[in-house]
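See below for the structure under consideration.
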Amino acid sequence: SQQGEEDPQALSIQEGENATMNCSYKTSINNLQWYRQNSGRGLVHLILIRSNEREKHSGRLRVTLDTSKKSSSLLITASRAADTASYFCATVYSYNTDKLIFGTGTRLQVFP
Amino acid sequence: DAGVIQSPRHEVTEMGQEVTLRCKPISGHDYLFWYRQTMMRGLELLIYFNNNVPIDDSGMPEDRFSAKMPNASFSTLKIQPSEPRDSAVYFCASSRGTQSAEAFFGQGTRLTVV
Chain A
1 SQQGEEDPQA
11 LSIQEGENAT
21 MNCSYKTSIN
31 NLQWYRQNSG
41 RGLVHLILIR
51 SNEREKHSGR
61 LRVTLDTSKK
71 SSSLLITASR
81 AADTASYFCA
91 TVYSYNTDKL
101 IFGTGTRLQV
111 FP
Chain B
1001 DAGVIQSPRH
1011 EVTEMGQEVT
1021 LRCKPISGHD
1031 YLFWYRQTMM
1041 RGLELLIYFN
1051 NNVPIDDSGM
1061 PEDRFSAKMP
1071 NASFSTLKIQ
1081 PSEPRDSAVY
1091 FCASSRGTQS
1101 AEAFFGQGTR
1111 LTVV
């Protein structure tokens, strides 16, 4: 079963705007990862945040993690048409497992 | 490294036929995952291996599905007999361990069972 639920399911914005996607999960985690999937392609890893971290940056990406609320957010700043894709959060449970479970995803459309 | 390689990219088969999907993980990665993606159910983890040993196959939907990893550079996912509801995109991914590292995905196999 899926661990994460993402919100919104779909998001449409103009180039230059910021895009924020949220992920909620159900159980304690070791880390949370964000992936991107272009249409018809495999998933590509974007960023990993550990349970003891609260915020992480990578280029135009900013990820936050609130373990008390079991939620994470992905912010893409100054979006580009090339950012159009589906974005997924994935969690690894905190106990001894490498099981990587994906959320439902957010479809982002960036209009030029 | 060429990344995770899956074959075939597309497969169309008739109901009742056996289907075998193949995956070559990235060299040096000791974890291998099989996922299935559909519009209705999203990305589902079917099974994962560590050092060629199946660790968790709780996501395998039915006995018709089986997966093997005979060595560190090859894995198969077999469906026998196939049914139309098995139509999906099947992804293979490999990792050095998701407790601290990301997973690398193949391009997927789009399976259509008619």
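In order, the protein sequences belong to chains A and B.
Residues in the first sequence are numbered from 1 upward in steps of one, following my numbering.
Residues in the second sequence are numbered from 1001 upward in steps of one, following my numbering.
Backbone N, C-alpha and C fix where the C-beta goes; we use that ideal spot for every residue, glycine too.
Assumed close pair residue i, residue j - CB separation to whole angstroms, cut-off 8 Å
i	j	result
T64 of chain A	S86 of chain A	Going by Cβ atoms, the distance from T64 of chain A to S86 of chain A rounds to 20 Å, so no, they are not a contact pair.
G1042 of chain B	F111 of chain A	That belief does not hold up - the Cβ atoms of G1042 of chain B and F111 of chain A are roughly 25 Å apart, past 8 Å.
Residue i - containing beta strand (DSSP E), residue span
i	result
P1070 of chain B	F1065 to N1071
S12 of chain A	A10 to Q14
Q1080 of chain B	Q1080 of chain B -> no beta strand (DSSP E), and no H or E assigned at all.
V1053 of chain B	V1053 to D1056
N22 of chain A	A19 to Y25
V1114 of chain B	Unbroken run through V1114 of chain B: none, as it is neither H nor E.
D98 of chain A	Segment: none, D98 of chain A is in no beta strand (DSSP E) and carries neither H nor E.
Beta carbon of residue i nearer than 7 Å to that of residue j
i	j	result
W34 of chain A	L43 of chain A	no
F1093 of chain B	F1105 of chain B	The amino acid occupying residue 1093 of chain B in the given sequence is Ala; Phe does not appear at that position. Yes, the Cβ-Cβ distance between A1093 of chain B and F1105 of chain B is below 7 Å.
V1113 of chain B	P1084 of chain B	yes
Q1099 of chain B	N30 of chain A	yes
L108 of chain A	A19 of chain A	yes
R1077 of chain B	F1049 of chain B	Reading the sequence as shown, one finds Leu at residue 1077 of chain B and not Arg. Their beta carbons are not under 7 Å apart, which means L1077 of chain B does not touch F1049 of chain B by this criterion.
Buried or exposed (CB count within 10 angstroms, at least 16 for buried), residue i
i	result
P1008 of chain B	exposed
M1039 of chain B	exposed
G1016 of chain B	exposed
A1067 of chain B	buried
S1 of chain A	For S1 of chain A, the predicted structure reports a pLDDT of 48, less than 50, and the residue's modelled location is therefore unreliable. A value from the coordinates is still provided. Flag for S1 of chain A reads exposed.
Q1080 of chain B	exposed
From the options, residue whose alpha carbon lies closest to that of residue i
i	options	result
R60 of chain A	A:K99, A:I76 and A:Q9	A:I76
T1020 of chain B	B:D1056, B:I1026 and B:W1034	B:W1034
A1101 of chain B	B:H1029, B:I1047 and B:P1070	B:H1029
R54 of chain A	A:T84, A:S73 and A:Q37	A:S73
Q37 of chain A	A:S94, A:Y93, A:V92 and A:D83	A:D83
I13 of chain A	A:S94, A:T91, A:R80 and A:C89	A:R80
Q1006 of chain B	B:V1012, B:D1057 and B:R1022	B:R1022
G1003 of chain B	B:T1013, B:E1018, B:E1011 and B:P1025	B:P1025
M1060 of chain B	B:L1045, B:P1070 and B:N1051	B:L1045
A10 of chain A	A:V92, A:F88 and A:S94	A:F88
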